[in-house]
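S.K.: This structure is in structure tokens; I'll ask about it shortly.
There are 2 protein chains.
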Amino acid sequence: MSHKPDFETMFNPRSVTVIGTSAKTTMSSNGTSFIKYYRELGFSGRIYPIHPTASQILDLPAYPNVGSLPEAADLAIVSVPARVVPQILEECADASIRNIQIFTAGFRETGESEGIVLEKEIERIAKERCLSVIGPNCLGLYVPKAGLAICGKLPKESGPVGFISQSGGMLNEVSRYCKGLGIRFSKAVSIGNATVLDSTDFLEYFADDPETQIIGMYLEGIGDGRKLTKLVGEINPRKPVVVLKGGLTESGARAVASHTGALAGSEAIWDAFFRQTGATRVDSQEELLDMLVAFRFMLPLRGRGLAVLSTGGGLSVSGADTCAREGLETPTLSEPVLRGLREFVPDVGFSIRNPLDVGLVMRNIPLLDRTLKLLGADPRIAGFLVCLMTGMGFYGDQDDPEEDRQYAKFVGEFGRDNAFHKPLAMVLRSPGDEVNEEIRRIRLHADLTNAGVAVFPSLSRAARALRKVVQYHEFLGSLHQ
Amino acid sequence: MSHKPDFETMFNPRSVTVIGTSAKTTMSSNGTSFIKYYRELGFSGRIYPIHPTASQILDLPAYPNVGSLPEAADLAIVSVPARVVPQILEECADASIRNIQIFTAGFRETGESEGIVLEKEIERIAKERCLSVIGPNCLGLYVPKAGLAICGKLPKESGPVGFISQSGGMLNEVSRYCKGLGIRFSKAVSIGNATVLDSTDFLEYFADDPETQIIGMYLEGIGDGRKLTKLVGEINPRKPVVVLKGGLTESGARAVASHTGALAGSEAIWDAFFRQTGATRVDSQEELLDMLVAFRFMLPLRGRGLAVLSTGGGLSVSGADTCAREGLETPTLSEPVLRGLREFVPDVGFSIRNPLDVGLVMRNIPLLDRTLKLLGADPRIAGFLVCLMTGMGFYGDQDDPEEDRQYAKFVGEFGRDNAFHKPLAMVLRSPGDEVNEEIRRIRLHADLTNAGVAVFPSLSRAARALRKVVQYHEFLGSLHQ
Chain A
1 MSHKPDFETM FNPRSVTVIG TSAKTTMSSN GTSFIKYYRE LGFSGRIYPI
51 HPTASQILDL PAYPNVGSLP EAADLAIVSV PARVVPQILE ECADASIRNI
101 QIFTAGFRET GESEGIVLEK EIERIAKERC LSVIGPNCLG LYVPKAGLAI
151 CGKLPKESGP VGFISQSGGM LNEVSRYCKG LGIRFSKAVS IGNATVLDST
201 DFLEYFADDP ETQIIGMYLE GIGDGRKLTK LVGEINPRKP VVVLKGGLTE
251 SGARAVASHT GALAGSEAIW DAFFRQTGAT RVDSQEELLD MLVAFRFMLP
301 LRGRGLAVLS TGGGLSVSGA DTCAREGLET PTLSEPVLRG LREFVPDVGF
351 SIRNPLDVGL VMRNIPLLDR TLKLLGADPR IAGFLVCLMT GMGFYGDQDD
401 PEEDRQYAKF VGEFGRDNAF HKPLAMVLRS PGDEVNEEIR RIRLHADLTN
451 AGVAVFPSLS RAARALRKVV QYHEFLGSLH Q
Chain B
482 MSHKPDFETM FNPRSVTVIG TSAKTTMSSN GTSFIKYYRE LGFSGRIYPI
532 HPTASQILDL PAYPNVGSLP EAADLAIVSV PARVVPQILE ECADASIRNI
582 QIFTAGFRET GESEGIVLEK EIERIAKERC LSVIGPNCLG LYVPKAGLAI
632 CGKLPKESGP VGFISQSGGM LNEVSRYCKG LGIRFSKAVS IGNATVLDST
682 DFLEYFADDP ETQIIGMYLE GIGDGRKLTK LVGEINPRKP VVVLKGGLTE
732 SGARAVASHT GALAGSEAIW DAFFRQTGAT RVDSQEELLD MLVAFRFMLP
782 LRGRGLAVLS TGGGLSVSGA DTCAREGLET PTLSEPVLRG LREFVPDVGF
832 SIRNPLDVGL VMRNIPLLDR TLKLLGADPR IAGFLVCLMT GMGFYGDQDD
882 PEEDRQYAKF VGEFGRDNAF HKPLAMVLRS PGDEVNEEIR RIRLHADLTN
932 AGVAVFPSLS RAARALRKVV QYHEFLGSLH Q
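Residue numbers (the numbering used here), protein chains in the order written: chain A, 1 to 481; chain B, 482 to 962.
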């Protein structure tokens, strides 16, 4: 970008024009869908559909072109055939519309010369006429507070996570998953081919945005690698940056080329990026979600020793192995702690070796409180991991919504505010095949995230996330040496 | 074992005596619970509760000891305090009861000399009096056809999987998960401390059991390592053996000691075991379940090239990376295949590069059929992976149970019986937070498993499972060279 984008207006437009609408609304790829999504999310500004002939789109007056609008819209959404896009950009510039997101695909990602030339045109026009262009080949902005949407059924609430995604589908899915995980966004953007506005432009904004405290990124190309590295390196110590980099394998890089036309960059370049910036590297969408949960809900984990509370001896063994494979420890507890536990944990059928096999305390708030306080006092323990499973009796014998809520409240408060300042995370597993149990799991999960608990779907995923949280704090520690 | 156990009687007893019952039935650890579980599962034989004073347990006449039973029960379940167990074994032997499973814990796993001595007593008595003892510290037998249960709510149907678990909790959970995954057991056994009957005894039986075609194991100690290696090496080429070994890390080994009192064995010993036998090694319960699904439902996968059908470009990239990290390939498709696909896949908004981004074919049976047939003809493609996600429109726009069933039927038939003899697997993902979507996912998952489709919960887990299936067939191939 040669000129400074006006992000305040872009993220909170009072008016939006949608160029390329259809009176028929059966296609989800149509500009008209954006109007529906915006309204569903509660966009309260003015909406101006553009259509060559129709006088009305949905219940809104339509205009033949942006030149005939009653005002210069703060944001334009472009969904016209690729070859028309340059012309539309000129018209937007003539009409003083500066912020434009281009949904249209069919540019350099096709690998065809026509698409490549058209994309160069977009770049040239944007530069000459000072346009802030997102895309092309993107879903654009999701800003809950302002009612900007990329699809339907998005959460309306804001939260502390800023997200930059080179893939619209990825942002779409991540938003959908985050809903149930209690993760909410400040601003999120799908940047597609990133021809004009690149990840670094949005990162610069997020760096100083008080609403953004954690940053997630899905990147395919590196763009301006030096700038990206510098920015992430500066931001990450204050606001954890989690990066899913697509295309690090040979076949992944081929897929990147046909998706956003980007150069994926070599593994070595990205290794250096992660080493220098300390950004948290994830290898899959699941891991990305887990890290957002970990950074959002957990107190800092400042050591590798975990107290794991589980049920069943085989799972304790397996839990110890899983933690060890991630470089975490389940230390033998100190004698005073063991003595304390022996007072109320029977010595047959249970085990107070770490991972603890203590079904009887898992859903009993006073016993759980007593157990966690004993464990917290052990200097070898840096954090707590409590593993529950539905339908095995360990959720509490009765399906009592109020009891579940109280339980979530206790766990949330302990995890946020215990005397040891040690973080607590939870594993909530379920075989996932019984409707009544799933209804209960969904409700309990919601109770837990509402209470501010970091919840993971398996011990393996929890252990990996916790290891990466430790690494993040170790990296920060190394900066201060 | 010095004498030959009578497994036919053990797995299909006409009568069971439960030693150590209680008139109060609030404790789940009580022998009385076994009576309930057996009845729930449909055990049709005679049940004889033993109780020192009560004349009736539940609605059954109770007996003061096994000596007063009207017949020698085919199976005894022992749930009395540890110190009484040797005496009970003698009484069983006197009463000609040969098959005994000991639920009671408190033996060598306590690390205390009293427990160690008691366990040695069990071993001595079993040997002297030719008793086939399962346990102690175990849940014993789960045989659906015979109505033998380890807990409540178990599937009543039989299936081709034999399972040996050193942990009762692990078998309990695995059974619970398998329910929804369409996996059913021929016979399963929790062997606990494996003092008398060891994993190898059950393996010998499974080797020739026509009802058992796949074998799953959760092991803590190795027992007779030479025998185990020899047996698994012989069985695995005919009946895939999947082994989750607990306690391979230092902390895992500590947990093993306090769980079943076993010596976990070094990583080197187990590496040699897996190398020599070709058994499939898994590192977690989830992976164990995935491998049972893969071996149960998939045709042999005889190459590393996969055609991955997905939706969304970012997921295609991520899918390519995930496969590559597992050593699988998503090969570029050959020109004739691409030509065929271009006839019905638009070139903008979709991608026919592998992984294919083809939302429009995913739930359209004729288009999916056409796509799979084109892909199947490509010699670089050894198998198909079709990835669906709920709530993103890719399940089909309407929630139509009949449409879902037809879809499952088509996928099942194609996966079982396509002209290329290439396997098909499916990924069924869901954010898991919306009740209506979960109800639909559960139903579709059941339709798919009923239709014989291998379903995995994420692309990462599917890729790992498929890689291990390839490795299994590569190992078998190496045997024939």
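Cβ atoms here follow ideal geometry from the backbone N, Cα and C, with glycine treated the same way.
#1: Could you give the DSSP three-state label for proline 530 of chain B: helix, strand or coil?
#2: According to DSSP, is lysine 726 of chain B part of a helix, a strand, or is it coil?
#3: If you follow the beta strand (DSSP E) that asparagine 580 of chain B is in, where does it begin and where does it stop?
#4: By alpha-carbon positions, which one of B:Val624, B:Ile603, B:Tyr623 ends up nearest to valine 614 of chain B?
#5: Between which two residues does the beta strand (DSSP E) containing glycine 864 of chain B stretch?
#6: Along chain B, in chain order, which residues have C-beta atoms closer than 7 Å to that of alanine 255 of chain A?
#7: Report yes if the CB atom of glycine 840 of chain B is closer than 7 Å to the CB atom of glycine 893 of chain B, and no otherwise.
#8: Output, in sequence order along the chain, the residues in the stretch 931-957 of chain B whose CB is closer than 7 Å to any CB in chain A.
#9: Whose C-beta lies closer than 7 Å to the C-beta of histidine 926 of chain B among residues of the same chain, with five residues either side of it excluded?
#10: Between the stretch 94-110 of chain A and the stretch 65-76 of chain A, do at least 3 Cβ pairs fall closer than 8 Å?
#11: Give me the Cβ distance between alanine 255 of chain A and arginine 834 of chain B, rounded to the nearest whole Å; I'm assuming they're in contact under 8 Å.
#12: Using a Cβ-Cβ distance cut-off of 7 Å, determine whether alanine 324 of chain A contacts chain B.
#13: What number of angstroms, rounded off, separates the C-alpha of arginine 302 of chain A from the C-alpha of arginine 461 of chain A?
#14: Can a CB atom of chain A be found closer than 7 Å to the CB of glutamate 919 of chain B?
#15: When you check each C-beta in the stretch 137-154 of chain A against every C-beta of chain B, which residues fall closer than 7 Å?
#16: Would you check if the stretch 669-681 of chain B and the stretch 621-630 of chain B touch, i.e. whether three or more CB-CB distances between them fall below 8 Å?
#17: Please tell me whether leucine 309 of chain A and valine 386 of chain A are closer than 7 Å, where the distance is taken between their beta carbons.
#18: Are the beta-carbon atoms of isoleucine 50 of chain A and isoleucine 100 of chain A separated by less than 7 Å?
#19: Could you tell me the distance, in whole angstroms, from the CA atom of phenylalanine 895 of chain B to the CA atom of serine 549 of chain B?
#20: By DSSP, does serine 456 of chain A sit in helix, in strand, or in coil?
#21: With DSSP run on the structure shown, which of helix, strand or coil describes arginine 281 of chain A?
#22: Can you tell which of B:Ser799, B:Asp764, B:Arg820, B:Trp751 has the C-alpha that lies nearest to the C-alpha of alanine 324 of chain A?
#23: Are at least three pairs of beta-carbons, each pair with one atom in the stretch 213-223 of chain A and one in the stretch 329-347 of chain A, less than 8 Å apart?
#24: Classify valine 916 of chain B: buried if its beta carbon has 16 or more other beta carbons within 10 angstroms, exposed otherwise.
#25: Is the beta carbon of glycine 800 of chain B closer than 7 Å to that of aspartate 838 of chain B?
#26: May I ask whether a heavy atom of the ligand ZN can be found less than 6 Å away from the beta carbon of proline 70 of chain A?
#27: Spatial neighbours of arginine 922 of chain B within its chain, please: C-beta separation below 7 Å, excluding the five flanking residues on both sides.
#28: With DSSP as the reference, label leucine 947 of chain B as helix, strand or coil.
#29: Taking the Cβ atom as the reference point for each residue, do valine 561 of chain B and threonine 498 of chain B lie within a distance shorter than 7 Å?
#30: Distance, Cα to Cα, phenylalanine 7 of chain A vs proline 13 of chain A?
#31: In the DSSP assignment, what are the bridge partners of tyrosine 63 of chain A?
#32: In chain B, what lies closer than 8 Å to glutamate 286 of chain A by C-beta?
#33: Any C-beta of chain B sitting closer than 7 Å to the C-beta of methionine 217 of chain A?
#34: Relative to the C-alpha of arginine 746 of chain B, which residue among B:Phe778, B:Thr758, B:Leu700, B:Ala775 is closest?
#35: Mind listing, in chain order, the continuous alpha helix (DSSP H) runs of no fewer than 4 residues lying wholly within the stretch 698-746 of chain B?
#36: Does the CB of threonine 330 of chain A have a neighbour CB from chain B at under 7 Å?
M.R.: Walking through what the data contain:
#1: Looking at proline 530 of chain B - three-state DSSP - the assignment turns out to be strand.
#2: strand
#3: 580-583
#4: B:Ile603
#5: 864-870
#6: Ser797, Val798, Ala801, Arg834, Pro836
#7: no
#8: Going along the stretch 931-957 of chain B in chain order, one finds Ser939, Ser941 with a Cβ nearer than 7 Å to chain A.
#9: Setting aside the 5 residues that flank it on each side, histidine 926 of chain B is surrounded in the same chain by Gly661, Leu909, Val936, each with a C-beta closer than 7 Å to its C-beta; the list follows chain order.
#10: yes
#11: 6 Å
#12: yes
#13: 19 Å
#14: yes
#15: When CB distances to chain B are screened at a threshold of 7 Å, not a single residue of the stretch 137-154 of chain A falls below it.
#16: Below 8 Å, enough C-beta pairs join the stretch 621-630 of chain B and the stretch 669-681 of chain B to call them touching: three or more.
#17: By the CB criterion at 7 Å, leucine 309 of chain A and valine 386 of chain A fall inside the cutoff.
#18: No, Cβ-Cβ distance for isoleucine 50 of chain A and isoleucine 100 of chain A is not below 7 Å.
#19: Cα-Cα distance, rounded: 59 Å.
#20: The question names serine, yet the displayed sequence has phenylalanine at residue 456 of chain A. The answer is strand: DSSP assigns phenylalanine 456 of chain A an E or B state.
#21: strand
#22: B:Asp764
#23: no
#24: exposed
#25: no
#26: The ligand ZN is absent from the structure shown, which contains no ligands of any kind.
#27: Thr871, Leu909, Ser911
#28: helix
#29: no
#30: 10 Å
#31: Answer is A:Ile50.
#32: Ser939, Ser941
#33: no
#34: Looking at the sequence provided, one finds glycine at residue 746 of chain B rather than arginine. Considering only alpha carbons, the answer is B:Leu700.
#35: Whole alpha helix (DSSP H) segments, 4+ residues: 706-716, 731-740.
#36: So, interface residue.
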